[in-house]
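Structure record follows, encoded as structure tokens.
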């Protein structure tokens with residue numbers, strides 16, 4: 014790492030006017046950025062608006078009723094098939110019995126196949142109040158023997174075996190029929206085709222029985238289904254009652270009530286949600302208490318200088334001589350300057366806190382930023398006879414952050430170093446980065462009295478100042494630094510200045526760690 018010492022590093026009791034840089038953020042730039050951010054927020058809210066969320070009740074109800082309503086037609090179809098199968102069973106057995114009885118009446122007489130069935134028996138066979146009955150006997154050569162001529166013959170795929178009764182669906186005279194058929198081998202005839210015997214009937218009785226079964230199963234469902242919907246509705250309402258109770262308790266709360274919600278009153282399924290909400294309330298309570306302490310401390314800190322200003326103004330009104338009046342006015346000017354600095358620090362701290370989580374994180378050249386800050390604070394260092402310098406890598410060190418906030422942070426650190434370093438001392442800003450590490454480091458060192466280890470944990474609290482120091486200050490500068498570092502996900506530590514050569518003064522080193530910007534962001 015090469016050392017980059019600024020050419021203006023010198024010691025002087027007085028120096029030129031404060032240098033300015035057009036690329037250096039100013040208070041006007043910061044105000045403009047705040048205004049732009051405020052103008053952009055409504056648009057961000059509009060573009061990020063989401064559709065109104067659905068209720069949990071409606072979501073669960075949909076997931077319960079949708080399968081129910083989807084499966085209901087399927088159950089009707091399955092019921093119809095089952096009812097049809099049940100209805101076909103007894104009628105098929107009766108039809109098979111008729112085919113067997115009819116096949117037993119087939120005889121061979123004088124070389125001819127005949128059906129020896131009396132006319133009365135044939136009328137009984139056809140007797141049916143609902144369906145039409147058909148029968149047919151076909152001889153060994155395919156010739157018609159008896160029965161109905163228009164009853165279709167079985168196809169080749171449907172041909173059965175002698176002595177076995179088979180069933181098939183067919184059509185006769187435009188009507189659907191169920192056919193039972195079998196083949197008969199006559200003992201006196203050999204080498205010939207068996208005789209075909211068929212008995213068929215229409216499907217009216219079967220359809221009526223199937224319809225009765227379907228009605229007995231489906232009709233109750235028209236009562237059960239609405240009842241099931243009502244019961245589901247009632248069950249969901251009862252089941253979600255604890256959620257409704259929690260919602261009502263939350264809405265009934267006082268706006269300032271941040272006490273935790275009783276997790277025991279919540280169902281087990283939403284206990285993690287209630288616990289997370291309680292954590293949020295706890296954080297909110299801490300934030301509210303912090304703001305209250307800040308307001309109280311700010312009011313207390315403002316009270317003293319304002320009271321002093323009023324007393325000095327009253328004394329100035331009583332002065333008679335011009336010299337005394339001039340001295341009083343000078344004191345008023347000094348007090349007003351300190352008060353203005355305090356107000357500026359308060360506004361800066363509040364501004365940094367309000368910027369938390371807003372975004373605006375972009376790649377920032379830490380080397381260039383440090384150079385600008387050192388250049389701007391050189392006149393202040395010269396006025397106090399402080400040797401202010403910058404050391405670090407010559408190439409850019411890119412970190413992810415908000416340039417305005419990082420500038421404010423480094424301004425406070427360098428201003429703190431200049432204030433606490435005695436005349437003739439040194440203050441150094443050092444930028445450190447390693448190509449193989451994901452972090453960049455920023456050191457601000459001084460040769461002042463240092464900070465005792467017992468005080469290092471408290472110097473970054475608001476309005477806290479180390480006892481025994483006569484340096485003017487508001488006690489807010491390091492609090493602003495800590496707030497900015499935390500918002501950038503970084504770390505800050507305080508050590509003795511290892512480069513201090515004055516044995517009576519320990520010096521101080523503020524070590525800030527920031528995450529480097531990814532290469533893809535740096536190149537864009």
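In this note's numbering, the protein residues as written are 14 to 537. Note that CB positions come from ideal geometry on N, CA and C, so glycine has one too.
Setting aside the 5 residues that flank it on each side, residue 127 is surrounded in the same chain by 120, each with a C-beta closer than 6 Å to its C-beta; the list follows chain order. Contact between residue 508 and residue 524 holds: their C-beta atoms lie close to 6 Å from each other, under 8 Å. Contact between residue 185 and residue 163 holds, with the beta-carbon distance rounding to 6 Å and staying under 8 Å.
Scanning the segment 442 to 472 for uninterrupted beta strand (DSSP E) segments of 3 residues or longer gives 452 to 459, listed from N- to C-terminal end.
The three-state reading of DSSP puts residue 409 in coil, since its state is none of H, G, I, E or B. Secondary structure of residue 189 (DSSP, three-state): strand. With a threshold of 16 other beta carbon atoms within 10 Å, residue 456 meets it and is buried. Beta-bridge partners assigned by DSSP to residue 146: 214. In the three-state DSSP reduction, residue 432 falls in the helix class (H, G or I). If you look at residue 93, you'll find it isn't in any beta strand (DSSP E); it sits in the alpha helix (DSSP H) that goes 69 to 116. DSSP places residue 504 in the strand class (E or B) of the three-state scheme. Straight-line spacing of the CA atoms in residue 282 and residue 261 works out to 19 Å.
In the structure shown, residue 530 falls within a coil segment according to DSSP collapsed to helix, strand and coil. Assignment of beta-bridge partners to residue 402 by DSSP yields 441.
Between residue 420 and residue 382, the C-beta spacing is below 8 Å. Sixteen is the threshold: since fewer than 16 other Cβ atoms of the shown chains lie within 10 Å of the Cβ of residue 99, the residue is exposed.
With a cut-off of 8 Å on Cβ pairs, the segment 130 to 143 is not in contact with the segment 237 to 251, counting fewer than three such pairs. Per DSSP, the beta-bridge partners of residue 378 are 411.
Checking the DSSP bridge columns, you'll see residue 120 partnered with 127. At the C-beta level, residue 406 and residue 353 stay beyond 8 Å of one another. Under the 8 Å Cβ criterion, the segment 384 to 399 counts as touching the segment 425 to 444, having at least three qualifying pairs. Looking only at 249, 170, 198, 172, the smallest Cα-Cα distance to residue 73 is reached by 249. If you draw a straight line from the Cα of residue 347 to the Cα of residue 291, it is about 48 Å long.
Only exposed fits residue 273, as fewer than 16 other CB atoms lie within 10 angstroms of its CB. The secondary-structure analysis by DSSP pairs residue 271 with nothing; it has no beta-bridge partner.
Under DSSP, residue 195 forms a beta bridge with 210. Remark: C-beta atoms of residue 196 and residue 208 approach each other more closely than 8 Å. For residue 134, the enclosing alpha helix (DSSP H) has its first and last residue at 132 to 139. For residue 243, the number of other beta carbons within 10 angstroms of its own is below 16, and it is reported as exposed.
When the Cα atoms are used, residue 280 and residue 301 turn out to be separated by approximately 29 Å. Burial is judged here by how many other beta carbons sit within 10 angstroms of a residue's own beta carbon; residue 503 has at least 16 and is buried.
The three-state reading of DSSP puts residue 295 in helix, counting H, G and I together. In this structure, DSSP gives residue 170 a helical state, which the three-state scheme calls helix. Shown here, residue 241 sits in a helix according to DSSP, grouped into three states. Put simply, the backbone Cα of residue 437 is about 30 Å away from that of residue 453.
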